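Chain order of the listed sequences is A and B. The first sequence begins at 8 in my numbering and counts up by one. The second sequence begins at 256 in my numbering and counts up by one. Let me begin by presenting the structure, written as structure tokens, before commenting on it.
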Amino acid sequence: MQPFKFTKASDAGTAVQAVMTNSNAKFVAGGTNLIDLMKEGVETPSELVDISRLNLAQIRSTANGISIGALAKNTDTANHPLVRRDFPLLTQAILSGASAQIRNMATNGGNLMQRTRCTYFYDVSMACNRREPGAGCAALEGINRNHAIFGWNAACVDVHPSDMCVALAALDAAVNIQGQGGKTRAVPFADLYAAPDDMSAGKMLAGDTTLKQGELITSIDIPKNNFSDNSYYLKVRDRASFAFALVSVAAALDLGGGKIRQARIAMGGVAYKPWRATEAERFLTGKPATEENFAAAADIAMKDAKPLEHNKYKVELGKRAIAHALRKAANVKAA
Amino acid sequence: MGKEFEDEAASPGDEPVSSCAEWWSVENQTPAGDTARDTDECLQVDGVQNADTFAEKMTEDEEQLLDELGMFGESRRKFLGHASAVGIGAVVLEILAEQRALAFERTGSVPAEAPLENAVTVSLKINGAQKTLEVDSRMVLLDALRERLGLTGSKKGCDHGQCGACTVIVDGRRVLSCLTLAAQCEGKDVTTIEGLAKGDSLHPMQTAFLKHDGFQCGYCTPGQICSAVALMQEAKDGEASYVTADVRQKAHSLSLSDEEIRERMSGNLCRCGAYPNIIDSIREVHTGKPTDELGSMGKEVKHAAV
């Protein structure tokens, strides 16, 4: 690991200032991803600004829903009574990720900012535009079994590793960000992650997210919803636990009068960000919660999938996972 | 050195006991995985032969080092058998680190090494005792425990947060010490495997692991036990897991099924595959009801026999 200066931030403003003035500085909180990447030589910051003691860990109910502090631990968020009662989809998604030890360390802000687990990103001897813009993408023609089927281009075919974020995308969360001079802004979850730029257009990857250097996530807002009785997070992986998703689905239904009033479907393991299936959601709106409608919605969700050489299985797996997650959410038994 | 070495080897009664004990304690810290197994096998199968050929190739400096470490006779032979497999330098460095750490334990002062480029002073409580350390900003808690405090119970397995061998309990929560910067531990309360027993009385989880044979090589065991101890509190607090049927039902004290135990212990890998006996150990402590000493594997065998 390269040497780095370690500083403790006393408040969010000084933390932002410190990272903004040093383009090679990073925030550190739980460290579960960053320290690993530093050991691998993938991340080489010259300075770490410790934000773990900042007063940003509250989880509280607001007029519009719930506010979740960026520095609340994943475990504490998943088990918070308000989250378990009103946003069980988020609880399930968080608990499907990593291990108990990692969830005890990892913060919500860090979960959002974690980097891809693409093996070519991790191997510093391989070409990776995420690590070194302009270097190329070894995964494109490499072993891409775990890679994207949506939203990719020749610059990058990675997938976002988070489970928590799939639920946040489904639940229309917004991310509150503090920047220079204490200025704050709210970013809709759908706009948090930067699409890989098309290398053929002469552009390069600017970064994983739309955040600028030094901008700090302070909290996450989730609006109230009517999904708490009918939601389910399904994670499909190579082993039963402690593995990243091949495909995951966050499904949420607002049921009433024998019909689906609203539906939410987001997928993990398929794109550089949690992938919302909005067309499938619209298809389900106003229709009865039946096996046939779920299967049709799944077909719609996967129709634009563009698999790579080794991940064609994700298209069929994605369809089945969506249908199964919707069944579980609606408490409909499989035929 | 050939002749002298052989003479001493012929009279094992002369070897200093303390250095022998230190040697074995160091040997037990060899890294996980292939290295540990390979070196162990080497020691058992080829060790003596290697010791002789290796001894002949030793430089004067290396001989002097072993003399300074107090290694004579049989302990020297065993050491050389081992060192020939992994290189004398690595083993000697580890022994020296251990001795420095033990010296620190006795005196309570941090031994000065090379000046640190980015030094951070940290005060924290470890197994009930207040400690103050000056660490390199890069040092993780695992290395601080092992290399600076002589607490070698916590193990370095993968060193990347994937195996759980380094699990310790910080402020009541199980965490991975390999991914925790020591610099971030100011004021924290750390419990390691060494801090679980009360004097000579083992923690119930330690006793259960012994009773149910919840290990084979033992390398993952300190992490497994720390993890399981913290899990007992999580169950009392009613925390949910991914296999919890309905996370909206908040229970104050959970009764964990085997499926729940497996899911909640998934961050601790065991390459020997002692999982059935680990589950038996944890279930016994969790339920407070003693179970069959043979464990679930034994039960299966018995059923098969009927």
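No residue lacks a Cβ here, since even glycine has one placed at the ideal position from N, Cα and C. Everything numeric in this text was worked out from a predicted model, so none of it was measured.
Is the shortest distance between the beta-carbon of residue i and the beta-carbons of chain B less than 7 Å?
{"i": "Phe-94 (chain A)", "result": "no"}
{"i": "Leu-147 (chain A)", "result": "no"}
{"i": "Leu-102 (chain A)", "result": "yes"}
{"i": "Ala-328 (chain A)", "result": "no"}
{"i": "Gln-108 (chain A)", "result": "yes"}
{"i": "Ile-42 (chain A)", "result": "yes"}
{"i": "Ser-226 (chain A)", "result": "no"}
{"i": "Gly-38 (chain A)", "result": "yes"}
{"i": "Asp-170 (chain A)", "result": "no"}
{"i": "Asp-57 (chain A)", "result": "yes"}
Using a Cβ-Cβ distance under 7 Å, would residue i count as near chain A?
{"i": "Leu-431 (chain B)", "result": "yes"}
{"i": "Ser-409 (chain B)", "result": "no"}
{"i": "Glu-389 (chain B)", "result": "no"}
{"i": "Phe-260 (chain B)", "result": "Since pLDDT at Phe-260 (chain B) reaches only 39, below the 50 mark, its modelled position is unreliable, and the value read off the structure follows with that caveat. With 7 Å as the cut-off, Phe-260 (chain B) does not count as an interface residue toward chain A."}
{"i": "Glu-372 (chain B)", "result": "yes"}
{"i": "Pro-286 (chain B)", "result": "Only weak support exists for where Pro-286 (chain B) lies, its pLDDT of 40 falling under 50; the coordinates are left without a value."}
{"i": "His-541 (chain B)", "result": "no"}
{"i": "Val-375 (chain B)", "result": "yes"}
{"i": "Ala-463 (chain B)", "result": "no"}
{"i": "His-415 (chain B)", "result": "yes"}
{"i": "Glu-494 (chain B)", "result": "yes"}
{"i": "Tyr-497 (chain B)", "result": "yes"}
{"i": "Thr-422 (chain B)", "result": "yes"}
{"i": "Arg-538 (chain B)", "result": "no"}
{"i": "Arg-428 (chain B)", "result": "yes"}
{"i": "Met-256 (chain B)", "result": "Summary for Met-256 (chain B): the model assigns pLDDT 37, below 50, so the residue's position carries little reliability, and this model does not support an answer."}
{"i": "Arg-562 (chain B)", "result": "Because chain B spans 256 through 561 in this model, residue 562 (chain B) falls outside it and cannot be assessed."}
Could you name the residues that DSSP lists as bridge partners for residue i?
{"i": "Gln-385 (chain B)", "result": "B:Lys-380"}
{"i": "Thr-114 (chain A)", "result": "A:Lys-80"}
{"i": "Ala-32 (chain A)", "result": "A:Glu-54"}
{"i": "Ile-227 (chain A)", "result": "A:Ile-75 and A:Val-182"}
{"i": "Ala-270 (chain A)", "result": "A:Leu-260"}
{"i": "Ile-66 (chain A)", "result": "A:Ile-75"}
{"i": "Phe-13 (chain A)", "result": "A:Leu-55"}
{"i": "Arg-283 (chain A)", "result": "A:Ala-273"}
{"i": "Thr-446 (chain B)", "result": "B:Ile-424"}
{"i": "Asn-160 (chain A)", "result": "A:Cys-163"}
{"i": "Val-390 (chain B)", "result": "B:Val-375"}
{"i": "Lys-242 (chain A)", "result": "A:Ser-255"}
{"i": "Leu-431 (chain B)", "result": "B:Thr-422"}
{"i": "Tyr-474 (chain B)", "result": "Answer by DSSP bridge pairing: none, since Tyr-474 (chain B) is not bridged."}
{"i": "Leu-436 (chain B)", "result": "B:Val-395"}
{"i": "Lys-453 (chain B)", "result": "B:Ser-456"}
{"i": "Arg-192 (chain A)", "result": "A:Ile-184"}
{"i": "Cys-135 (chain A)", "result": "A:Cys-144"}
{"i": "Thr-216 (chain A)", "result": "A:Tyr-200"}
Report the CB separation of residue i from residue j in whole angstroms; it is logged as a contact under 8 Å.
{"i": "Ile-267 (chain A)", "j": "Ala-287 (chain A)", "result": "That belief does not hold up - the Cβ atoms of Ile-267 (chain A) and Ala-287 (chain A) are roughly 11 Å apart, past 8 Å."}
{"i": "Ala-328 (chain A)", "j": "Tyr-240 (chain A)", "result": "With 8 Å as the limit, Ala-328 (chain A) and Tyr-240 (chain A) do not qualify as a contact, their Cβ atoms being about 11 Å apart."}
{"i": "Gly-419 (chain B)", "j": "Gln-220 (chain A)", "result": "Not quite, the Cβ-Cβ distance comes to about 34 Å (not below 8 Å), so this is no contact."}
{"i": "Cys-481 (chain B)", "j": "Arg-429 (chain B)", "result": "6 Å"}
{"i": "Val-277 (chain A)", "j": "Gly-325 (chain A)", "result": "6 Å"}
{"i": "Leu-260 (chain A)", "j": "Phe-234 (chain A)", "result": "7 Å"}
{"i": "Tyr-200 (chain A)", "j": "Thr-216 (chain A)", "result": "6 Å"}
{"i": "Asp-391 (chain B)", "j": "Ala-374 (chain B)", "result": "7 Å"}
{"i": "Ala-257 (chain A)", "j": "Leu-333 (chain A)", "result": "Going by Cβ atoms, the distance from Ala-257 (chain A) to Leu-333 (chain A) rounds to 11 Å, so no, they are not a contact pair."}
{"i": "Leu-436 (chain B)", "j": "Val-395 (chain B)", "result": "6 Å"}
{"i": "Ala-490 (chain B)", "j": "His-541 (chain B)", "result": "6 Å"}
{"i": "Pro-195 (chain A)", "j": "Asn-71 (chain A)", "result": "With 8 Å as the limit, Pro-195 (chain A) and Asn-71 (chain A) do not qualify as a contact, their Cβ atoms being about 14 Å apart."}
Does the ligand GTP have a heavy atom nearer than 6 Å to the CB of residue i?
{"i": "Tyr-129 (chain A)", "result": "Because no ligand of any kind appears in the structure shown, any question about the ligand GTP cannot be addressed here."}
Decide if the stretch 443-451 of chain B is in contact with the stretch 407-427 of chain B; the criterion is three or more beta carbon pairs, one per stretch, under 8 Å apart.
yes
Are there three or more Cβ pairs, one per stretch, closer than 8 Å when the stretch 55-66 of chain A is compared with the stretch 20-34 of chain A?
yes
At least 3 beta-carbon pairs within less than 8 Å: the stretch 243-253 of chain A vs the stretch 515-525 of chain B
Output reads yes: the stretch 515-525 of chain B touches the stretch 243-253 of chain A.
For the stretch 499-525 of chain B, enumerate the residues whose C-beta is nearer than 9 Å to any C-beta of chain A, in chain order.
Thr-499, Asp-501, Val-502, Arg-503, Gln-504, Lys-505, Arg-517, Glu-518, Arg-519, Met-520, Ser-521, Gly-522, Asn-523 and Leu-524
Got a sec: which bits of the stretch 434-451 of chain B sit with their beta carbon under 7 Å from any beta carbon on chain A, in order along the chain?
Leu-434, Thr-435, Leu-436, Ala-438 and Gln-439
Touching by the beta-carbon criterion (3+ pairs, under 8 Å), the stretch 126-136 of chain A and the stretch 108-116 of chain A:
no
For the stretch 238-255 of chain A, which residues have a CB atom closer than 7 Å to at least one CB atom of chain B, in sequence order?
When C-beta distances to chain B are compared with 7 Å, the residues of the stretch 238-255 of chain A below that value are Ser-248 and Phe-249, in chain order.
Under 9 Å, CB to CB, which of the residues in the stretch 8-21 of chain A have a partner in chain B?
Met-8, Gln-9, Pro-10, Phe-11, Lys-12, Phe-13 and Lys-15
When the Cβ atoms of the stretch 89-106 of chain A are set against those of the stretch 170-185 of chain A, are three or more pairs found closer than 8 Å?
yes
Please identify, using Cβ separations under 9 Å, the residues of the stretch 111-127 of chain A that lie next to chain B, in order along the chain.
Asn-111 and Met-112
Quick check: the stretch 462-469 of chain B against the stretch 533-545 of chain B, are there 3 or more CB pairs under 8 Å?
Look at the beta carbons and you see the stretch 462-469 of chain B touching the stretch 533-545 of chain B: at least three pairs across the two are nearer than 8 Å.
Note down, in chain order, all residues in the stretch 59-73 of chain A with a beta-carbon under 7 Å from any beta-carbon belonging to chain B.
Ser-59
Under 8 Å (Cβ pairs) to chain B, residues found in the stretch 127-139 of chain A
none
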